[in-house]
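In full-length UniProt numbering, the protein residues as written are 1 to 588. Quick reminder that beta carbons are idealized off the backbone N, C-alpha and C, glycines included. Small disclaimer: the values here were computed from a predicted structure and weren't measured. Right, one structure below, let's go through it.
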C-alpha cells in the first residue's frame with residue numbers, strides 16, 4: 001500500500017468572495033489580503049526588515065567617523081567599514097526577498113480577481129450580454145484587475161515605510177528632539193498637501209474609467225462588424241467618430257494625469273525638502289558643537305533614507321485611490337445577481353419533452369424536427385430564448401416539470417441552444433467542435449458532415465488539428481454558421497434549439513444541411529426557427545406564430561393548402577430569398 005502523502009502546505013485553495021467581501025472596494029481589497037494572509041505577512045515582515053535596515057548604514061557610518069576617522073584609529077575604521085559592507089549585503093538580500101514576495105502577492109491578487117470574475121460571468125451565462133457591455137468586461141479583466149492587484153503593495157513596503165519612519169524619528173529624537181519634531185511634522189504636511197490631490201485624482205479617474213469602458217465596447221463592435229462596414233463604405237465615418245471619442249478620452253486622461261503628476265512630483269520633492277531643512281539644522285548644531293560630526297553624517301543619512309518611506313506613502317495612497325475606482329467596477333460586475341438553483345431541484349424526465357411555452361402556447365413534441373415560423377421572425381426567436389434559458393416566471397415546462405425548478409447542470413447537459421451570437425473560440429477544429437466534451441475524432445467528423453462543413457476542415461492544414469482564429473474571424477459567415485451547427489450536433493443533446501441555422505448558406509448547402517440534420521437526430525427533439533421553404537418542407541411539424549402566439553400547427557404541405565396567411569408568409573420569405581439568391585452563395 002502506497003504511503004499517504006501529507007497535503008502540500010504551499011497548495012492554494014480558492015474560494016469566491018462572499019457577499020460581505022463585495023460591500024465596498026476596500027472590503028474587496030481586504031478579501032484579497034486575507035486570501036493570501038501568510039504571503040502578505042511574509043512580505044510585511046520583509047518590508048519592515050528592509051526599511052529598518054536602511055536606517056542602520058547611517059548609524060554605522062557615524063560610528064566609523066567618530067571612532068575611526070576623527071581620532072585616527074585605522075583598526076576601528078576598518079572594523080566599521082566591514083560592518084557597513086555586511087549590512088549592505090544583508091539589506092540587498094532583504095530587498096530581493098521583499099520584491100519577490102510582493103510580486104507574488106500582486107500576481108496572486110490578480111489571478112484571484114480574474115478567477116472571481118470569470119467564474120461569475122460563467123454563472124451569468126447569456127444574460128451577461130444583456131446587463132454589461134463587452135467593453136466593460138474587457139476593461140475589468142485587463143485594466144481594473146491589474147490596478148487592484150497593484151494596491152496590495154501597500155501591505156509590504158507600505159507598512160515597512162510606516163515602521164521605518166517611526167524608527168528614524170526615535171533615533172533622531174536621541175540625537176536632537178528638534179530634528180525629530182521636524183521629521184514627524186512631515187506626515188501631517190503630506191496629508192494636507194497630497195490628500196486633496198488624491199481625492200481629485202480618484203474623482204477624475206472614475207469618470208475616465210466609465211468612458212474607457214464605453215470606448216472599448218465601441219472598439220469591440222467596430223472590429224466585429226469591420227467586414228460589414230467595408231461593404232457599406234462606412235469605415236471612414238466610423239473611424240472618424242472613433243477618433244473623436246478617443247480624443248475625448250485622452251482629454252479626460254489629462255485631467256487624471258494632472259493631479260497624478262503632482263503626486264509623483266511631491267513624492268520626490270517633499271523628501272528633498274526634508275533633507276534640506278534637517279541638514280541645515282544639523283549643520284548649525286554641529287557648528288555650535290551640540291552634536292558631533294558623525295551625528296551630522298548620520299542625520300543626513302537618516303533623512304535621505306526617508307525619501308524611500310515618504311515616496312511609498314504617496315505612491316501607496318495613489319495606488320489605493322486608483323484601486324477604489326477599479327475595485328468598484330469589479331464588484332459591480334461580481335454583484336450582478338445570478339439565478340440560483342432551488343435547494344431541492346426537480347429531476348427532468350427522460351426523453352426530449354414535450355417542451356411547452358405558456359406565453360406563446362407552443363408545444364414541442366418529443367422526437368420530431370419542428371420548425372417555428374413567425375412574422376416578424378423575432379417572435380420565433382423569443383420562443384427559443386424562453387425554451388432554452390430556464391428563468392423563473394417564463395412558464396416553460398419539460399414533460400410537465402417547470403424548467404426553472406429543475407437542476408440547471410442537468411438541463412444544460414440535455415438541451416443545447418445554438419444561435420448566431422454563440423462564440424467561436426480560437427483553437428483547433430477538434431477543440432472547437434468537442435467543446436467541454438471529450439473529443440472523439442469519428443464523432444467530430446460525423447458532426448462536421450451533418451453540418452456540411454467537411455470542406456472547411458479539408459481547406460485547413462492539419463485537418464482536425466488545423467486552427468481557427470478566435471471568433472472565427474478567418475471564416476466566412478456561412479462557415480462560422482456551419483461550425484456552430486457541427487458543435488451543437490456533436491453535443492448529442494436530447495433537445496437542440498437552433499436559430500435560423502441555414503440563413504448564411506446557399507440553397508444547395510441548405511438542402512443538404514437540413515436533410516442530414518433530420519437524419520442524424522432521428523428520435524431526438526430538434527427545433528429550428530426559419531422562413532426557408534426548403535427547411536420547412538423537411539420539418540415533421542411546423543408551428544406558425546402570429547402576434548407572438550400559436551396560430552396553426554401542421555406539416556408544411558398541409559399548411560400551404562389550408563392557411564392563406566401561411567402561404568403569404570412563406571411566399572414573402574421566398575420572394576425575399578429569391579431576390580437575393582445569387583448573394584446567398586457567399587457562405588459557401
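- Scanning its chain for C-beta atoms nearer than 6 Å, with the 5 sequence neighbours on each side dropped, one finds around residue 369 the residues 518, 526, 539, 540, in chain order.
- Ranking 463, 515, 528, 491 by CA distance to the CA of residue 501 puts 528 first.
- The segment 140-159 and the segment 314-333 touch, with no fewer than 3 CB-CB distances between them shorter than 8 Å.
- Remark: C-beta atoms of residue 297 and residue 62 approach each other more closely than 8 Å.
- Of the other Cβ atoms in all chains shown, fewer than 16 fall within 10 Å of the Cβ of residue 441; this residue is therefore exposed.
- DSSP places residue 398 within a strand segment (E or B) once states are collapsed to three.
- In the DSSP assignment, residue 37 falls within the unbroken alpha helix (DSSP H) covering 37-53.
- Annotation for residue 554: the continuous beta strand (DSSP E) segment containing it runs 549-554.
- Under the 8 Å Cβ criterion, the segment 446-455 counts as touching the segment 503-522, having at least three qualifying pairs.
- For residue 144, the secondary structure class from DSSP, reduced to helix, strand or coil, is helix.
- Counting C-beta atoms within 10 angstroms of its own C-beta, residue 246 has fewer than 16 neighbours from the protein chains shown and is therefore classed as exposed.
- Per DSSP, reduced to three states, the secondary structure at residue 545 is strand.
- The way I'd put it, the segment 37-48 doesn't touch the segment 81-93; fewer than three beta-carbon pairs between them come closer than 8 Å.
- Judged by DSSP secondary structure, residue 384 falls within the alpha helix (DSSP H) whose first and last residues are 377-388.
- Taking 8 Å as the upper bound for CB-CB distance, residue 329 and residue 140 are in contact here, some 6 Å apart.
- For residue 291, no beta strand (DSSP E) segment is defined, and its DSSP state is neither H nor E.
- Comparing alpha carbon positions, the residue from 477, 463, 365 closest to residue 420 is 477.
- If you draw a 10 Å sphere on the C-beta of residue 14, you find fewer than 16 other C-beta atoms in it, and that means exposed.
- Per the DSSP secondary-structure output, residue 308 pairs with nothing in a beta bridge.
- DSSP, reduced to helix, strand and coil, places residue 530 outside both helices and strands of the structure shown, so it counts as coil.
- Put simply, the backbone Cα of residue 399 is about 35 Å away from that of residue 505.
- Residue pairing from DSSP places residue 363 in a beta bridge opposite 356.
- As for any alpha helix (DSSP H) of minimum length 4 sitting wholly inside the segment 462-524, the runs are 477-490, 507-520, ordered along the chain.
- DSSP places residue 90 in the uninterrupted alpha helix (DSSP H) bounded by 74-124.
- In the DSSP annotation of this structure, the continuous segment of the beta strand (DSSP E) that includes residue 373 starts and ends at 369-374.
- Pairing residue 105 with residue 332, the inter-Cα distance amounts to about 23 Å.
- The beta carbons of residue 60 and residue 31 sit no closer together than 8 Å.
- Taking C-beta separations shorter than 7 Å and ignoring five residues to either side along the sequence, the partners of residue 556 in its chain run 536, 537, 539, 542, following chain order.
- By the neighbour-count criterion, in which 16 or more other beta carbons inside 10 Å mark a residue as buried, residue 571 falls on the exposed side.
- Contact between residue 179 and residue 54 is absent: CB atoms are separated by about 18 Å, not below the 8 Å threshold.
- Beta-bridge pairing by DSSP links residue 406 to 346.
- A contact is defined here as three or more CB-CB pairs under 8 Å, and the segment 468-483 fails this definition with respect to the segment 544-559.
- The residue from 56, 41, 532 with its alpha-carbon nearest to that of residue 97 is 41.
- In the assembly as shown, residue 432 is a buried residue. Its beta-carbon has 16 or more other beta-carbons within 10 Å.
- DSSP, reduced to helix, strand and coil, places residue 453 outside both helices and strands of the structure shown, so it counts as coil.
- Cβ neighbours of residue 406 within its own chain (closer than 8 Å, five residues either side excluded): 345, 346, 347, 348, 390, 398.
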